[in-house]
Each structure stands twice: as C-alpha cells, then as structure tokens.
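Beneath this line is the structure, given in structure tokens, with notes to follow.
In my numbering, the protein residues as written are 3 to 68.
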C-alpha cells in the first residue's frame, strides 16, 4: 500500500505482479505498470495499467507452474 500511496502522491508509475486464472482454469502471472489518472483538478482518481504476461523466476524455480 505504501508504494500505491507514493505513486498517487508523486505521479510516478507503480509496477506490480499478480497471478490470475484464465477462463479455462489455467493460472498465469501478469506484470502490470500503473500510472495515476487525474481529473481536471489534478486529483488522482484511478490507476491506468498496462500489463503483459510474465513468469516470475523465483516461483518457477520453486515448482509453481503458470
């Protein structure tokens, strides 16, 4: 949460990763990069994210598939 708060305050992008389940039940790792989206008054109202699939090496080495 600290990184999210800092991103909203400074306007800097925030990278994060999560594991999502596809409709066919297969899990995949995704990496997102979010940027604060601001309204006309300059207040952060949302995080606009760009994402792509990425395996996380440390988990893959630990035997977790996806």
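Every residue gets a Cβ at the ideal spot worked out from N, C-alpha and C, and that includes glycine. All values derive from a computational prediction rather than experimental measurement.
Three-state class that DSSP yields for residue i in the structure shown
i          : result
residue 1  : In the structure as shown, the chain starts at 3 and stops at 68, and residue 1 therefore has no counterpart that could be examined.
residue 63 : In this predicted model, residue 63 has a pLDDT of only 43, less than 50, meaning its place in the structure is not dependable; the value taken from the coordinates is given anyway. It is helical.
residue 41 : coil
Range covered by the beta strand (DSSP E) that runs through residue i
i          : result
residue 23 : 16-23
Exposed unless 16 or more other CB atoms sit within 10 angstroms - verdict on residue i
i          : result
residue 38 : buried
DSSP beta-bridge partners of residue i
i          : result
residue 36 : 16, 51
residue 30 : 22
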